[in-house]
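Asks: Numbering (the numbering used here), first residue to last: 51 to 483.
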Ligand SMILES: C[S@@+](CC[C@H](N)C(=O)[O-])C[C@H]1O[C@@H](n2cnc3c(N)ncnc32)[C@H](O)[C@@H]1O
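Here it is, written out as structure tokens:
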């Protein structure tokens, strides 16, 4: 035994000595010029992967390196920031969210975008007041704009003049990946009110919505059409943002002939898929009546014909018609519901799909990403607690497979995407008739 340990120690010291000798030899050959070249190449590489925004969809290896780097930097930042400052920052984090909402709500990003030059508080006030019945308070506006520049949504170009930062550009309504609607949904007054109700939900297990309005979100949306519009726009923004990565990372969309998006909202995601696969695929959106009204408007604006995307109203808890589709999507649906409710939806879907048809569950799945992605999913999970009926939640891959299995779906397979979403593909276990 001792002999073996000695041999291992000798081998280790020998290999260490070899490595050191080789390193010394190499070091003696490295000139300042070599170092300068290595430094420049490394800086360009680092700058590229750090600066390239993740939404530009770098290839998978670069995406992984990029994600690792910013996640490590964030983790490092957490360790070096004094703990009491972290507590203080977390305690008032909601004000950052409020400022983001306020500038979006007052159309500051669009005003700055249209002006094409930095604007002062006074100039912005004039533009904001033009579209409002009640004028904004100038000193408060200036303080909010100043805060927005601290949070990196705006840049103070000259003294008291603001322009859009790289982050702020995503708030402009016409930006191809605009998050204007998403911010109004997640950071708006409504979301804050129901988030506040979590201090009651924690005891009752009810959603923030139920605690606030004595009714769940879907009931509430029927009587609050302006929030219905905000909600649909928010979901559409998110669907448009994540669509390119989902489409790129699930090339099998290309083999579908007719895609049914069950609970497809205004059709934003399906539109992105069919915009990519211009020929050969048609689509159907199935959703509640008020949402389908919004979908009509959305698709009319995009000049999409009824032949390309047809719209159908219905209730997936009662019946999902077959529609003759060969691919069925449930995107961001099951995480809104309890296991029992999800089983009803999946059972109805099972009844609709024919043998060989494909079912694609597209949502964020727990424990499939890096630390920062999981933190975002935790925030989403809390959003579910505030917005959706109790027991709605994000699930792990095993929990999703179990749900599918219970409703008769087999061969589940997960495809990760560069959008932080997973696609779980499965097939109905139906015998040939
Ligand atoms: C979170 S949104 C997801 C929308 C869309 N799939 C997306 O990813 O953008 C949930 C959708 O389910 C729809 N929905 C809720 N209950 C429904 C029901 N009983 N029948 C059909 N659709 C329903 C909602 O109207 C809403 O559009």
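The beta-carbon is built from N, C-alpha and C at its ideal position, and this holds for glycine as well.
1. Rounded to the nearest angstrom, what separates residue 137 and residue 146 at their Cα positions?
2. Which residues bound the alpha helix (DSSP H) around residue 115?
3. Pick helix, strand or coil for residue 212, following the three-state DSSP scheme.
4. Sort 471, 342, 199, 437 by Cα distance to residue 168 and report the nearest one.
5. Shortest alpha-carbon distance to residue 330 belongs to which of 307, 195, 262?
6. State the beta-bridge partners of residue 206 as determined by DSSP.
7. Could you say if the region 238-254 and the region 179-192 meet the contact criterion of at least three C-beta pairs nearer than 8 Å?
8. Check for me: the alpha helix (DSSP H) holding residue 275 runs from which residue to which?
9. So, is residue 293 buried or exposed, given that buried needs 16 or more other C-beta atoms within 10 angstroms?
10. Taking the alpha-carbon of residue 442 as reference, which of 385, 418, 403, 348 has the nearest alpha-carbon?
11. Using 8 Å as the Cβ pair cut-off and three pairs as the minimum, do the region 193-209 and the region 392-410 touch?
12. Express the C-alpha separation of residue 113 and residue 126 in angstroms, rounding to a whole number.
13. Please state the DSSP three-state secondary structure of residue 171.
14. Among 94, 460, 275, 422, which residue has its Cα nearest to the Cα of residue 122?
15. If you draw a straight line from the C-alpha of residue 486 to the C-alpha of residue 115, how long is it?
16. With burial defined as no fewer than 16 other Cβ atoms inside 10 Å of the residue's Cβ, what is the status of residue 270: buried or exposed?
17. According to the neighbour-count rule (16 or more other Cβ atoms, all chains shown, within 10 Å of its Cβ), is residue 66 buried or exposed?
18. Tell me whether the region 212-228 and the region 155-166 touch, counting them as touching only if at least three CB pairs, one residue from each stretch, are closer than 8 Å.
19. Can you give me the Cβ contacts of residue 316 inside the same chain, cut-off strictly under 7 Å, excluding the 5 residues immediately before and after it?
20. Taking the CB atoms as reference points, tell me whether residue 236 and residue 72 lie closer together than 8 Å.
21. Measuring CB atoms only, is the region 435-450 touching the region 78-94, in the sense that at least three cross pairs come out at less than 8 Å?
22. Per DSSP, residue 416 forms a beta bridge with which residues?
23. Rounding to the nearest angstrom, what Cα-Cα distance links residue 298 and residue 175 in this structure?
24. Checking 8 Å against the spacing of the C-beta atoms, do residue 484 and residue 367 come in under that value?
25. What's the C-alpha gap between residue 278 and residue 128?
26. Could you work out which residue in 239, 461, 300, 266 is closest to residue 327 when comparing CA atoms only?
27. Let me make sure I understand the geometry here. Which of 358, 302, 352 has the alpha-carbon closest to that of residue 473?
28. On the three-state DSSP scale, how would you describe residue 217?
29. By the three-class DSSP mapping on this structure, what secondary structure does residue 371 have?
30. Starting from residue 459, follow its DSSP beta bridges and name the residues at the other end.
31. Whole angstroms is fine: what's the gap from residue 371's alpha carbon to residue 335's?
32. Using beta-carbon positions only, say whether residue 280 and residue 234 come within less than 8 Å of one another.
33. On the criterion of 16 or more Cβ atoms from any shown chain inside 10 Å, does residue 103 qualify as buried, or is it exposed?
34. Label residue 481 either buried or exposed according to how many other C-beta atoms from any shown protein chain fall within 10 Å of its C-beta, with 16 as the threshold for buried.
35. By DSSP, does residue 160 sit in helix, in strand, or in coil?
Replies: Once the coordinates are examined:
1. Spanning the two alpha carbons is a distance of roughly 15 Å.
2. 110-130
3. strand
4. 199
5. Answer by Cα proximity: 307.
6. 212
7. no
8. Unbroken alpha helix (DSSP H) run through residue 275: 275-299.
9. buried
10. 385
11. no
12. Going from the Cα of residue 126 to the Cα of residue 113 covers about 20 Å.
13. helix
14. 422
15. There is simply no residue 486 to check, as the chain begins at 51 and stops at 483 in what is shown.
16. Answer is buried; the Cβ neighbour count reaches 16.
17. Residue 66 should be labelled exposed.
18. yes
19. 282, 286, 341, 344, 345, 348
20. Contact: no.
21. no
22. 446
23. 43 Å
24. Given that the chain is displayed from residue 51 to residue 483, the structure contains no residue 484 and the question cannot be resolved.
25. In a straight line, the C-alpha of residue 278 is about 38 Å away from that of residue 128.
26. Minimum Cα distance to residue 327 is reached at 300.
27. 302
28. Residue 217: coil per DSSP, three-state reduction.
29. coil
30. 478
31. 11 Å
32. yes
33. Per-residue confidence for residue 103 stands at a pLDDT of 46, beneath the threshold of 50, marking its modelled position as unreliable; the derived number appears in the next sentence. That one is exposed.
34. exposed
35. helix
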